Amino acid sequence: TSAYAMENVEFSNGGTSTVYRVVGDTKYYWPKDDDVWFYAYAPKASASNGITYNDELDIEVEPLADTDSQVDLIYAATKGNKTDDAMNGVILNFRHTMSKIQIKVKDSSSDLKFNVTGWKIAGVDGAAVFSFDDQSLTSTPAAGSQNTFDSNMWQDNDDSYTASYSKTVTTKNVTSVNGTWGVLDGSAILIPQNAPKATAYSGSDPSNNPLNGAYIAIEYQAFDGAGEALSAAGTWGCWPVKMDWEPGFRY
């Protein structure tokens with residue numbers, strides 16, 4: 001039998017933004033004179049979003065290959081008691097568990113321009129288990145910080161550094177004229193990690209020439225100042241990068 005008074009129970013906001021209620025007709029009662037820990041996460045675990053709930057407060061996360069369909073796992077934990085909270089509800093402050101990654105490009109050469117058509121983040125962890133740190137969390141994050149839980153809350157990272165995420169983007173013309181960074185379409189929501197920098201790389205398509213470690217790749221076509229093509233469309237360039245991502249931050 002479960003050790004929990006309520007385990008993986010689905011809640012809905014019932015049409016308001018702050019008050020959540022149990023989905024269905026089941027009623028739950030406060031244990032007599034006990035403080036109760038509440039643990040919550042969203043979105044609901046589903047094969048369609050790469051989130052799987054296991055007992056013992058473990059949540060398996062495997063970001064989907066389609067970056068447009070990836071979701072950000074958020075969590076909350078707090079302790080309540082019958083006297084103060086049973087009738088008025090329990091406040092849960094949710095926090096992000098994952099890292100959001102965007103790709104920016106810049107052309108520093110007045111002799112070249114680029115049409116960028118895709119990006120890839122590769123050589124990173126693609127699966128891990130998020131575990132609530134049992135009864136050590138508070139409902140209020142530390143001042144000025146999103147990263148309020150220790151790294152042990154992410155466990156069982158695969159550490160194979162073979163996961164790859166890519167996106168075809170609307171062609172972006174990048175020149176040195178304005179000298180600013182341009183953000184490419186889309187983003188990835190991935191597992192926090194410390195992936196080692198790739199030790200070797202090549203300009204060929206990284207799909208056919210995998211690298212040892214983490215890197216970013218850009219799909220592009222290069223032109224000279226007169227508009228003459230210097231490379232074929234769909235050429236890839238690869239940059240080894242050490243991926244140091246903390247939960248709740250955008251990079």
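First residue of the sequence shown: 1, per this note's numbering; consecutive thereafter.
Cβ coordinates follow ideal geometry from the N, Cα and C atoms, glycine included.
Quick caveat: nothing in here was measured; it's all calculated off a predicted structure.
If you follow the alpha helix (DSSP H) that residue i is in, where does it begin and where does it stop?
{"i": "LYS32", "result": "No alpha helix (DSSP H) holds LYS32; DSSP gives it neither H nor E."}
{"i": "ASP85", "result": "82-85"}
What's the C-alpha gap between residue i and residue j?
{"i": "PRO240", "j": "SER69", "result": "26 Å"}
{"i": "THR138", "j": "SER131", "result": "Summary for THR138: the model assigns pLDDT 49, below 50, so the residue's position carries little reliability; its value from the coordinates is reported in the next sentence. Their Cα atoms are separated by approximately 15 Å."}
{"i": "VAL124", "j": "THR170", "result": "25 Å"}
{"i": "THR252", "j": "THR83", "result": "In the structure as shown, the chain starts at 1 and stops at 251, and residue 252 therefore has no counterpart that could be examined."}
{"i": "ASP214", "j": "LYS242", "result": "In the sequence on display, residue 214 carries Ala and not Asp. C-alpha separation (whole angstroms): 6 Å."}
With a Cβ-Cβ cutoff of 9 Å, do residue i and residue j count as a contact?
{"i": "PRO192", "j": "GLY126", "result": "no"}
{"i": "ASP224", "j": "ASP111", "result": "yes"}
{"i": "ILE101", "j": "TRP236", "result": "no"}
{"i": "SER46", "j": "LEU190", "result": "no"}
{"i": "ASN81", "j": "VAL36", "result": "yes"}
{"i": "GLY227", "j": "THR97", "result": "no"}
Considering residue i, what are the terminal residues of the beta strand (DSSP E) in which it resides?
{"i": "THR168", "result": "163-174"}
{"i": "GLU246", "result": "Note, GLU246: premise wrong, no beta strand (DSSP E); not H, not E."}
{"i": "ALA122", "result": "112-124"}
{"i": "SER46", "result": "Neither: SER46 is in no beta strand (DSSP E) and is coded neither H nor E."}
{"i": "PHE130", "result": "128-131"}
So what does DSSP say about residue i, is it helix, strand or coil?
{"i": "MET6", "result": "coil"}
{"i": "SER108", "result": "coil"}
{"i": "THR180", "result": "coil"}
{"i": "SER69", "result": "helix"}
Would residue i count as contacting chain C if we go by Cβ distances under 9 Å?
{"i": "THR168", "result": "The structure shown contains no chain C; it is built from a single protein chain."}
**the region 39-51 / the region 71-81 touching (three or more Cβ pairs under 8 Å)** = yes
**Asked** Are there three or more Cβ pairs, one per stretch, closer than 8 Å when the region 114-121 is compared with the region 214-233?
**Response** yes
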